[in-house]
Structures are given as structure tokens and as C-alpha cells.
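Structure record follows, encoded as C-alpha cells.
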DNA sequence: AAGTGTTTCACATCAATATGTGATGTAAGA
DNA sequence: TCTTACATCACATATTGATGTGAAACACTT
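Protein chains in written order, with this note's numbering: chain R, 745 to 954; chain S, 745 to 954.
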């Protein structure tokens, strides 16, 4: 028996979902609420397995509710429920520990399947959501993975620059003269197409050279 | 009719999958291969809708195959197929534009459903994989998002530093004297607990101040 | 009204950095 | 062998940066 709490501001939908889920074998709706004002206490009191959480709610919305829940409880599965698959909310929800993200237009049979999946540790997602998630991953990619052809020694020097070492310190650290350090740095600037330490350090981070 | 190419080094599994898929209505296996050596040419020649790609293959593996495909083709849907849901491969695959990631133990009916989902632009994932993906998201979270209490003006100066501006340039840019710039920078160093421009720039990136 | 933090400016000094020019030895490739 | 890239060192000089000390104007809070 999977125990469920439901958060949904629309009374009709709240009633409908409750009847659908509660009327199905193996599912029990413990309670339903129209907003997340007291979400922490409610979760504490009812100890559900799965929470169905609408995103758009007046007062405390679903994302905020999720955050509050996760401040106290990392066990309960939270399934986000929404009309739109807008990028920003999806990312926010997942980042804050949602266990799944499904659209309200999901057919009833599929919804029950998703709840079951969430309860057993899965991460059900409507396919359009999943597609977005994948897109976020590929967007993380470095545009062209620029290489700059830094030699090993040059990378080493750049690493020290990033750590805030002075030329003198780098020289001591690498057992070379300060002039050699200069020479390396000059070369690094050329290769990175920059002309100051700050830019080199910034570029090192941006392009994940270090 | 969904057209499919299959990459799988195990002959039994390759045959089995081919028969299963090709024998189902609406699915057609155009060809199957035991490695990705000529993946680019093969995709070009057969123009499939979906590619089922095993990860572990001798020679050119699935991840590498995926990369090669994506260098030329961003349209074809690539479904990664694997025995293990090991973190590293999942991330690599998704980062390189895989459209889905499913385990080989997926039951036949579910497999066909996943292929259909991929073909229609979805992103099918075995639930254990989806869980991992979500975990990666929540791990991306900034530890505590340190604040450092930089004033607006100080943030502005820091931003310029990151862009590689000299004190003189910052002064000109902000219509203040170079001494004021110095004063701001001094304060920034104090607040960030650093004592050089490079460290400040590095910290700005690390802690996402800029 | 006194205190606090921000923003602004000034003068001074020493350390560090950027840039140019030039040179040597070594290892890998064409 | 000749070339190229790398790593090393040297000398010179102008600019920039780090740090200290001091101070005035302003907004906001107590």
C-alpha cells in the first residue's frame, strides 16, 4: 500500500486525483491540501511514501514546498505535477531533490504507474520533461572544447597562477628561474589570446583548463 | 515504420534483439553491427530513425560511436543500451547527446515502447538511470552559495577584474579615480579573504559571484 | 544625534607584472 | 639533417598592483 499526500490548489482536480488514486488497489491518499503553507508539519504528521506536488499554487508554491520538505526529509518521494514543462521550473525542481516530474495531462493509468515507480526509488518523468533534462546535459558541454595546446609545463604554471601564486613563488615551486616563469606566462598569454593574468585565470576557469 | 540500426557485440543478443524488433509491427531493423568502426558511414548509408547502441563493445565502444555520430548527425535518435548503470558512462552518454539510456534487462514490450518513445522525440530512461540523472542535478547545487556581503559597487569592480581590466581601465569605466578603485579592491580582498587579483578572480568563479 | 557601512578621493612607497629582445640545449618529426 | 616546439635563462624598463594612512560625504539604523 503506497501512502500519498496531495498538494493541488484546484478543488476539482484535487478531488478527481484523490478519487482516482484512492480508488485504485494498492494506493491510499492520506490527505490533500490546497497549498504548502504547513507542508513540513503535514509531512511529519502523515508520513506518506509519495507526495504529489503541484507547481503552480497560490501562496507557497510547489518548488518552495519541495525545498521546505527537503530541509527536513530526504526520504519521502516528491513527484512534481504541472501543466507546463517550462525549463526553469523543471530545473529548479530537480535541483532541489524532486523524484520525478510529470505533466497533469498524463493519463490515469500512467499516473498510477509513475507513482509506483517513484515509491520504489525510480524517477518517473514525462518524456517531454526527460528530453529537456537531456538537453540541459548536452548544453553543459564546452562549446568546442577548446584546447589551446598548452604544454604540460605551461598548464602547470597556469595552475599556479590560478592559485594566486606570484612569479617568484611559482619559480620556487617549479625549481626554475623567475625569468623562465615569465617566458612560460608570455607563451600562455599568446596561446590563450589574452594579455593579463586576470584574463588568463578567468579563461582557465571558463574553458575548464584547470 | 520505425527504422532501426543495432550495434551490439554479443552475437546471441544481436540476433535476439533483431528478431524481437524486426518481428514486431511498425519496427524494421535495417542492419546490425558488432562494433562502431564504421558507424558514420553506416548511419549515412542506412539513414535509420533510431540507433540502439551497446556501450561495452571491443574496438570502438558505444560512447565513442555516439560521439562520432553526433559529429555529423544530430537528427538520428540514439538509445544507449547497457548492462550496468554506472555513473560515469551515463553522464558521458547524456553529455554527448544520447536520446535515452536503457538497461539490457528491460523486458521486450518495454523495449519496443522505449524505441517508439525515442523515435517520437522523447527521452526514455530506465528508472534506475533516471534516478541517477536526478542525483547529478541535485549534486550540482552550490554548497552554501557563500555571500561575502560584497556591496554593489564592489561586485562591479570584481566583475571588471574578472574581465581583465587594469585599475586604470576600471577607473575610467566606472567614472571614479584609480585610488577609489584601489580602495574597493582592498575591501574586496578583505571580504573574500584573499590577497591577490588572481585569487579574487578564481574565487569569483568558484563561488559564482560573477 | 551618534554610530555604521558604503562610496568616494588623495599621497606615498615598494613589490610585482608585462613586454621586448636575445640566447642555449634538447627532443621529436619531416 | 633541418625544422619546430619546448624549456630554460638573462637583462632592461615602463606599467601596474598591493598596502598603509587619512579623510570627507552620504544613507540608514538605533
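Where is the CB? At the ideal position from N, CA and C, for every residue including glycine.
Proximity of residue 847 of chain R and residue 825 of chain R at Cβ, strictly below 9 Å: yes
Cβ shell of residue 872 of chain S (< 8 Å), same chain only, five flanking positions each side left out: 829 and 847
The stretch 892-909 of chain S: positions lying closer than 7 Å to chain R by Cβ: 905, 906 and 908
Residue-level contact to chain R via CB, residue 869 of chain S, 9 Å cutoff: yes
Closest by C-alpha distance to residue 768 of chain S, when choosing among S:831, S:945, S:853 and S:816: S:853
For residue 776 of chain S and residue 751 of chain S, the rounded distance between their alpha carbons: 6 Å
Partners in chain R for residue 832 of chain S, counting only beta-carbon separations shorter than 8 Å: None at all; the shortest Cβ gap to chain R is about 14 Å.
For residue 832 of chain S and residue 806 of chain R, the rounded distance between their alpha carbons: 31 Å
Contact with chain R by residue 875 of chain S, beta-carbon distance below 9 Å: yes
Every unbroken alpha helix (DSSP H) inside the stretch 882-928 of chain S [4 residues or more]: 896-906 and 911-918
Residue 748 of chain R, DSSP secondary structure in three states: strand
Residue 841 of chain S: contacting residues in chain R (beta-carbon distance under 7 Å): 882
Residue 928 of chain R to residue 902 of chain R span [Cα, whole Å]: 9 Å
Segment limits, beta strand (DSSP E) that includes residue 797 of chain S: 794-798
Strand pairing of residue 777 of chain S, partner residues [DSSP]: S:751
Three-state class that DSSP yields for residue 949 of chain R in the structure shown: helix
Neighbour flag for residue 888 of chain R against chain S, beta carbons, 9 Å: Here the model assigns residue 888 of chain R a pLDDT of 49, short of 50, so the residue's position is not dependable, and the following value carries that caveat. No, residue 888 of chain R does not count as interfacial toward chain S.
Residue of S:758, S:812, S:940 and S:817 minimising C-alpha distance to residue 798 of chain S: S:758
Bridge partners - residue 825 of chain S, DSSP secondary structure assignment: S:798 and S:846
Interface flag, residue 835 of chain R vs chain S, CB-CB below 9 Å: yes
Cβ-Cβ separation, residue 906 of chain R to residue 842 of chain R (assumed contact under 8 Å), whole Å: Not a contact, Cβ separation roughly 35 Å.
Cut-off 7 Å between Cβ atoms - residues of its own chain near residue 814 of chain S, not counting five sequence neighbours on either side: 840 and 841
Inter-residue Cα distance where the pair is residue 796 of chain R and residue 811 of chain S: 38 Å
Where the stretch 927-951 of chain R meets chain S: residues whose CB sits under 7 Å from a CB there: 938, 940, 941, 942, 943, 945, 946 and 949
Bounding residues of the alpha helix (DSSP H) (the contiguous stretch that carries residue 866 of chain R): Where residue 866 of chain R is concerned, there is no enclosing alpha helix (DSSP H), given that its DSSP letter is neither H nor E.
Close Cβ partners of residue 887 of chain S (< 7 Å) along its chain, the five nearest in sequence each way excluded: Residue confidence is low: residue 887 of chain S scores 49 on pLDDT, short of 50, so the model does not pin down where it sits. Its coordinate-derived value is still stated next. Same-chain partners within the cutoff: there are none.
Within-9 Å CB hit, residue 878 of chain S to chain R: yes
DSSP bridge partner residues for residue 771 of chain R (one or two, in chain order): R:746
Integer Cβ distance of residue 809 of chain S from residue 783 of chain S, believed to fall under 8 Å: 5 Å
Check whether residue 898 of chain R and residue 909 of chain R have beta carbons under 9 Å apart: no
Where residue 866 of chain R falls, given that 16 or more other Cβ within 10 Å makes a residue buried: buried
Reference residue 788 of chain R, options R:804, R:818, R:803 and R:849, closest by Cα: R:818
Cβ-heavy atom distance, residue 814 of chain R to the ligand SAM, below 8 Å: This structure lacks the ligand SAM, and indeed carries no ligand of any kind.
Reference residue 822 of chain S, options S:882, S:746, S:763 and S:926, closest by Cα: S:746
Under the three-state DSSP convention, the category residue 785 of chain R falls into: helix
Separation of residue 915 of chain R from residue 924 of chain R, as counted between CA atoms: 8 Å
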